[in-house]
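Engineer:
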Amino acid sequence: MNKKVISATVTPLMEDGKLDRNGLKNIFERNMRHGLDGVFLFGSMGEWGSFSSSFKEETVEYASELIGNKMELMVGINATSLPLSLELMKSYEKYDFGAYVYMPPAATSRLNPVRSVLKVLDTADRPVYLYHCPPNNNINFTLDEFELMMKHPNLKGIKNSSSNMWLRRELLLLRAEKGLKTLFFEGQEWAADEALIAGYDGMICGMGALCSKMMKKLAACVDKGDIAGAVAAQNDMIRVFHGVYGIDIKNCWNGQKYALVKLGLISTPFTIAQEMDNLTDDVKKRVENCLAEFKEELD
Numbered sequence: 002m003n004k005k006v007i008s009a010t011v012t013p014l015m016e017d018g019k020l021d022r023n024g025l026k027n028i029f030e031r032n033m034r035h036g037l038d039g040v041f042l043f044g045s046m047g048e049w050g051s052f053s054s055s056f057k058e059e060t061v062e063y064a065s066e067l068i069g070n071k072m073e074l075m076v077g078i079n080a081t082s083l084p085l086s087l088e089l090m091k092s093y094e095k096y097d098f099g100a101y102v103y104m105p106p107a108a109t110s111r112l113n114p115v116r117s118v119l120k121v122l123d124t125a126d127r128p129v130y131l132y133h134c135p136p137n138n139n140i141n142f143t144l145d146e147f148e149l150m151m152k153h154p155n156l157k158g159i160k161n162s163s164s165n166m167w168l169r170r171e172l173l174l175l176r177a178e179k180g181l182k183t184l185f186f187e188g189q190e191w192a193a194d195e196a197l198i199a200g201y202d203g204m205i206c207g208m209g210a211l212c213s214k215m216m217k218k219l220a221a222c223v224d225k226g227d228i229a230g231a232v233a234a235q236n237d238m239i240r241v242f243h244g245v246y247g248i249d250i251k252n253c254w255n256g257q258k259y260a261l262v263k264l265g266l267i268s269t270p271f272t273i274a275q276e277m278d279n280l281t282d283d284v285k286k287r288v289e290n291c292l293a294e295f296k297e298e299l300d
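Position one of the sequence shown corresponds to residue 2 (the numbering used here), numbered consecutively onward.
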């Protein structure tokens, strides 16, 4: 398969906030059974801003042991400042995994975000993916800035979660015209078919813990030129998105975690990034109905 499928995984937790180690193992084993190419730890779906440095390091160490060389492990080093990101990166150097993922701090910082990215690239002891997500940090790079970053040998790929169709096509043209090697990954699961058909190298999506089989099906359809099949797979994934998260996305973290509990993969739906009282009985029923409807696709 040419198109890569990577899960931006949830971080399963016990009710006391400790890592659900068996749950993480179950998620990774299921992802590998479905043929995923990699896992992104501590992205937005992984609640990166909710945990202490010691919790993160414990999780990185354990994830590295679980995955080994079976698929690519990408570790987020997002933090509220560049020095903290560099500190995290330094603490992870002793663990065996594939790449770092970096998102510059929010635009409230006075630091130049391009210089921050280049500093991370210069410092990193292994490849780096840029996490481009303006809805999160309100940072929009120009094409000239993208070109400057893409020329750096340590930048392996870009996870583009901008929901910007214009930017998607411009980056593809820029790469082709300049002969650059940066890989492009769609970050929005409701637009993966469009991105892969247009020429993106794969997807890195937050529903990967739950929908890894569906994501692989979508990518396989694109690889064999089955555009109608890819669109159908995308529409099914959007329906799961609505069933688990809600159309208003009010159950983003706890909805997916509840689905994973019902599948017997993790112990609790507990999340630090979201109030738990909005996981109502009606929401649970909606999630359960979705799992029943898409039982085969979510095997």
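From the three backbone atoms N, C-alpha and C, an ideal C-beta is built for every residue, glycine too.
Which of helix, strand or coil does DSSP assign to GLY203?
Structural biologist: Taking the first residue of the sequence shown as 1, we reach residue 203 at position 202. Note: GLY203 maps to strand in three-state DSSP.
Engineer: If GLY207 sits next to SER45, beta carbons under 8 Å apart, how far is it from one beta carbon to the other, in whole angstroms?
Structural biologist: One-based indexing of the sequence shown puts residue 207 at position 206. One-based indexing of the sequence shown puts residue 45 at position 44. GLY207 to SER45, Cβ: 7 Å. Contact.
Engineer: Could you spell out where the alpha helix (DSSP H) holding MET90 opens and where it closes?
Structural biologist: Residue numbering aside, residue 90 sits at position 89 when the sequence shown is read from its first letter. Note, MET90: alpha helix (DSSP H), 83-93.
Engineer: On a CA-only basis, which of LYS286, ASP227, ASN236, GLY39 is nearest ASN70? Give me that one, please.
Structural biologist: The count along the sequence shown starts at 1 and reaches residue 70 at position 69. Closest by alpha carbon: GLY39.
Engineer: State the Cα-Cα distance for the pair ASN23 and LYS263, rounded to the nearest angstrom.
Structural biologist: Against the sequence shown, residue 23 aligns to sequence position 22. Against the sequence shown, residue 263 aligns to sequence position 262. Approximately 15 Å, taken between the alpha carbons.
Engineer: Thinking LEU144 and GLU171 are a contact (beta carbons under 8 Å), I'd like their distance in whole angstroms, please.
Structural biologist: Position 143 of the sequence shown holds residue 144. Position 170 of the sequence shown holds residue 171. Correct: roughly 6 Å between the Cβ atoms.
Engineer: Just checking my contact of MET151 with ALA125 at CB under 8 Å: how many whole Å lie between their CB atoms?
Structural biologist: To locate residue 151, count along the sequence shown from 1; it is residue 150. To locate residue 125, count along the sequence shown from 1; it is residue 124. 15 Å between Cβ atoms; not a contact.
Engineer: In terms of alpha-carbon separation, which member of THR12, LEU25, SER65, ASP21 lies closest to PHE43?
Structural biologist: Taking the sequence shown and counting its residues from 1, one reaches residue 43 at position 42. Among THR12, LEU25, SER65, ASP21, the Cα nearest to that of PHE43 is on THR12.
Engineer: Do the CB positions of ASN236 and VAL284 come within less than 8 Å of each other?
Structural biologist: Here residue 236 refers to the residue found at position 235 of the sequence shown. Here residue 284 refers to the residue found at position 283 of the sequence shown. Taking 8 Å as the Cβ cut-off, ASN236 and VAL284 do not qualify as a contacting pair.
Engineer: With DSSP as the reference, label ALA9 as helix, strand or coil.
Structural biologist: Translated into the one-based positions of the sequence shown, residue 9 becomes position 8. Strand, per DSSP.
Engineer: Name the DSSP beta bridge partners of TYR101, please?
Structural biologist: Within the sequence shown, residue 101 is the residue found at index 100, counting from 1. According to DSSP, TYR101 bridges with VAL76, VAL129.
Engineer: LYS95 to SER163, Cα distance in whole Å?
Structural biologist: For the purposes of this step, residue 95 is taken as residue 94 along the sequence shown, with counting starting at 1. For the purposes of this step, residue 163 is taken as residue 162 along the sequence shown, with counting starting at 1. One C-alpha to the other measures close to 32 Å.
Engineer: Do the CB positions of ILE250 and TRP191 come within less than 8 Å of each other?
Structural biologist: Along the sequence shown, read from residue 1 onward, the residue named residue 250 stands at position 249. Along the sequence shown, read from residue 1 onward, the residue named residue 191 stands at position 190. Their beta carbons are not under 8 Å apart, which means ILE250 does not touch TRP191 by this criterion.
Engineer: Quick check: ASN161 and GLU187, are their CB atoms within less than 8 Å of each other?
Structural biologist: Your numbering for residue 161 matches position 160 in the sequence shown. Your numbering for residue 187 matches position 186 in the sequence shown. Yes, the pair counts as a contact, with Cβ atoms nearer than the cut-off.
Engineer: Please determine, among THR272, GLU146, ARG127, SER55, the residue with the shortest C-alpha to C-alpha distance to ASP97.
Structural biologist: For the purposes of this step, residue 97 is taken as the residue at position 96 of the sequence shown. Cα-wise, what sits closest to ASP97 is ARG127.
Engineer: Starting from the Cα of LYS19, find the closest Cα among TRP167, TYR201, GLU58 and give me that residue.
Structural biologist: As a position in the sequence shown, residue 19 is number 18, starting the count at 1. Checked all of TRP167, TYR201, GLU58; the closest Cα to LYS19 is GLU58.
Engineer: What is the DSSP secondary structure of LYS160, reduced to helix, strand or coil?
Structural biologist: On the sequence shown, residue 160 is found 159 positions in, with the first residue counted as 1. In the structure shown, LYS160 sits in a strand (DSSP, three-state: E or B).
Engineer: Whose C-beta lies closer than 7 Å to the C-beta of ASN155 among residues of the same chain, with five residues either side of it excluded?
Structural biologist: Position 154 of the sequence shown, counted from the start, is the residue given in the question as residue 155. The residues are LEU122, ALA125, PRO128, VAL129.
Engineer: Can you tell me whether ASP224 is buried or exposed, with buried defined as 16 or more other CB within 10 angstroms of its CB?
Structural biologist: Reading the sequence shown from its first residue, position 223 is the one you call residue 224. It counts as exposed.
Engineer: How would you label ALA293, buried or exposed, when you count the other beta carbons within 10 angstroms and need 16 or more for buried?
Structural biologist: The count along the sequence shown starts at 1 and reaches residue 293 at position 292. Under this definition ALA293 is an exposed residue.
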